[in-house]
Structure formats: structure tokens, C-alpha cells
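A short write-up of the structure that comes next.
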Amino acid sequence: MDQHLEVFVKVVEKENFSKAAEELHMTQPAVSQYIRTLEESVGTRLLERSNKYVRLNKAGEIVYHHAKEIIALYTKMQSLVDDLTKRASGPIAIGASYTFGEYILPHIIAKMQEQFPLINPSIRIQNTKEIIELVKKHQLDIGIIEGLYKQDILNSEVVSKDRMVIVAGPRHPLLSQTEEIKISDLEEETWILREEGSGTREAAENLFEMYEFTPKKIMVFGSTQLIKESVEAGLGISLLSSWAIKKELTNGYIGIINAKGLPFKRNFSILTHTSYQTKALKTFIETLRDYLADPSKHTF
Numbered sequence: 001m002d003q004h005l006e007v008f009v010k011v012v013e014k015e016n017f018s019k020a021a022e023e024l025h026m027t028q029p030a031v032s033q034y035i036r037t038l039e040e041s042v043g044t045r046l047l048e049r050s051n052k053y054v055r056l057n058k059a060g061e062i063v064y065h066h067a068k069e070i071i072a073l074y075t076k077m078q079s080l081v082d083d084l085t086k087r088a089s090g091p092i093a094i095g096a097s098y099t100f101g102e103y104i105l106p107h108i109i110a111k112m113q114e115q116f117p118l119i120n121p122s123i124r125i126q127n128t129k130e131i132i133e134l135v136k137k138h139q140l141d142i143g144i145i146e147g148l149y150k151q152d153i154l155n156s157e158v159v160s161k162d163r164m165v166i167v168a169g170p171r172h173p174l175l176s177q178t179e180e181i182k183i184s185d186l187e188e189e190t191w192i193l194r195e196e197g198s199g200t201r202e203a204a205e206n207l208f209e210m211y212e213f214t215p216k217k218i219m220v221f222g223s224t225q226l227i228k229e230s231v232e233a234g235l236g237i238s239l240l241s242s243w244a245i246k247k248e249l250t251n252g253y254i255g256i257i258n259a260k261g262l263p264f265k266r267n268f269s270i271l272t273h274t275s276y277q278t279k280a281l282k283t284f285i286e287t288l289r290d291y292l293a294d295p296s297k298h299t300f
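Under full-length UniProt numbering, the first residue of the sequence shown is numbered 1, with each subsequent residue one higher.
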């Protein structure tokens, strides 16, 4: 791999020549020379420099974006070559949307590490839309999202169904109601939802569309944990994954509203950029499938 690109990316991310040199185990003059040579090769300046900062200009933004992809592709290529003779090992960049990443992925990683300690996973947790973009840009080897991926740019596969239920705080009057209620009767309730771009938000909007109503009041919060705390406090109700509420249900912090047509089901899908996969990535996918296929993991 061209080391000039590696040095350039490090300078950009550290915003400082000295810090980049220290991390790369190089001298600062050597780093400066690499940047000058790269700029001469490209034919224009890439960085704006001062005593206080190092910043990308427009040309630098283009080079940085593609340099990241080139480095990621080189790393993947090297891992594939290494796999010809080695057991499952090396880095995997895994991305997951919030529900899967916070409540399911840690257990899968723990299971994999028990059997394959030489695999070194790194994790990014962001909403579904952001995970898709990171896989497209080769910043992630695999993404796990809520819902379906509807484009042809990436390979996608549904790996599990997610059961979603409507939850309320322990003192909510609807929890004591034994007869099923219609979901559309919840139109007057305050609904606490995730932000746009979230798979959980998309599921809630699909539910409203299916039952032809729009809540009179919606509150938007940026994390599932905050939504659970708010539901427990009595601020409103929400549609959440059964994976995300196991502890709260066990401890009686929240309850499930007995609504007709629930649980609402959505998909968990995996996204990869290529059919060529390292042994480490294949091992992770196999571990993920085994975990999700265990019925005991799906019960409340």
C-alpha cells in the first residue's frame, strides 16, 4: 500500500503533524516530506496549515475520502491472502444499528471470542442509515441493520425476525386491561420514538401506516435506553424490540400493552460489500447465525 496515503490520513485524523508522526513512529520532517510528495503527485495542495491547525481543503477532502477506501480495500485484500494459510484471525470492522448493537451483538462477540480469540473485532453503533453508508464506503466489513435493504449496491441477507411490542410504564392504566385493545385506539397516547433514519423509527411508522393512524403527540429521543427510562417514568408509550426490554420486563419497570396484532415483526439484515470474505468475517457470520437460531434467546 502507498504509505503516502496512510501518512496523509493520519495527519488529517490527528489534525497535527507532530501527533501523526508520534503515532506512526516517524519524525515530523519525514511526515512533512510524505505530505509534500503526495501533494506534488496529485498536483495541488491538500492541507491548509497554520501554527494552530491542519485542515483539509476541497481537494484534500476528495483525496481523504478515497484514501480511506483504498486503505480499507488493501487491508481486506491482505486478509484474504493471509486466510489461505491461516486460521480465523485478524481484524473485523462490525457496524450495527442501535437495537442489535446494544442488546444482541455483545453476546455474539463474547461467544466468538471464546472459540476464536485471535479475531479482533471493532464495533461501530449508529442508526441504520449511517451503518449502510459506512459499509458502502468500505469503512465496515459488515453491517447489521433493522429492516430491509432495498438497493443493489451491497449484498444483503435477512438473518432473523425481530418481535416488537408496545410498552408502557408500570402504572399505565392500559396494562391492567385484560382484553385486547385495537392499536388504532392508541392514537391519543404520547408516543416516544427514535430519530429519523433509525430502524426502530421506521418500524413504528410502518405500524402507524398499517393501522391508518397518526399519533396526536410524538416525542423524539436519540437512544433506546432513554426511551425505556422515559416510558418507565410515565412520559408515554413506545414500540420497542423484545430483545431490548428483557431486563425491564423481568424487573417490572415496564409492561407490554395487550394490543391486537402484536408482536409487530421486522427483519434483522446483514450487509456486506463483496462475496469475498475473510475467514474471520465468515466465522463471525456463522456465530451470529447460530446465536439467532437458538430459540431460547428469543423468549421474554
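We put the CB at the ideal spot given by N, CA and C, even for glycine.
- Taking G90 as the centre and dropping the five residues before and after it, the same chain places the C-beta of S79, A280 closer than 6 Å to its C-beta, in chain order.
- I144 is positioned such that its CB atom lies no closer than 9 Å to that of A204.
- With fewer than 16 other beta carbons inside 10 angstroms of its own, R55 counts as exposed.
- When DSSP assignments are scanned along the segment 162-235, the uninterrupted stretches of alpha helix (DSSP H) that are 4 or more residues long and fall wholly within it turn out to be 199-210, 224-232.
- If you draw a straight line from the Cα of I123 to the Cα of R36, it comes to about 34 Å.
- Taking 9 Å as the cut-off, the beta carbon of N127 is found no closer than this to the beta carbon of L271.
- It is roughly 38 Å from the alpha-carbon of N51 to the alpha-carbon of I132.
- Here the alpha carbon of N206 sits roughly 10 Å from the alpha carbon of R266.
- Taken through DSSP and simplified to helix, strand or coil, S238 comes out as strand.
- Taking the C-beta atoms as reference points, R45 is found nearer than 9 Å to A59.
- In this structure, the CA atom of Q277 is about 25 Å from the CA atom of E102.
- Taking a C-beta distance under 9 Å as the contact criterion, I237 and H172 qualify as a contact pair.
- Note on K228: 16 or more other CB atoms within 10 angstroms of its CB, so buried under the neighbour-count rule.
- Taken in chain order, the unbroken stretches of beta strand (DSSP E) that lie wholly in the segment 244-283 and span 3 residues or more are 264-272.
- Going by DSSP, I131 is part of the alpha helix (DSSP H) stretching over 128-136.
- According to the DSSP assignment, G101 belongs to the alpha helix (DSSP H) that extends over 98-103.
- E195 has its alpha-carbon roughly 16 Å from the corresponding atom of F208.
- Note on geometry: alpha-carbon atoms of K161 and W243 lie some 11 Å from one another.
- DSSP lists E48 as the beta-bridge partner residues of R55.
- Here the segment 280-292 makes contact with the segment 107-116; the two share three or more CB pairs at distances below 8 Å.
- The shortest C-alpha to C-alpha distance from D152 to any of T75, L105, V165, V135 is the one to V135.
- The three-state reading of DSSP puts A88 in coil, since its state is none of H, G, I, E or B.
- By the criterion of a C-beta distance shorter than 7 Å, N16 is surrounded in its chain by V54, once the five residues flanking it on both sides are discounted.
- By the C-beta density criterion, E13 is exposed, having fewer than 16 other C-beta atoms within 10 angstroms.
- Pairing E130 with Y98, the inter-Cα distance amounts to about 11 Å.
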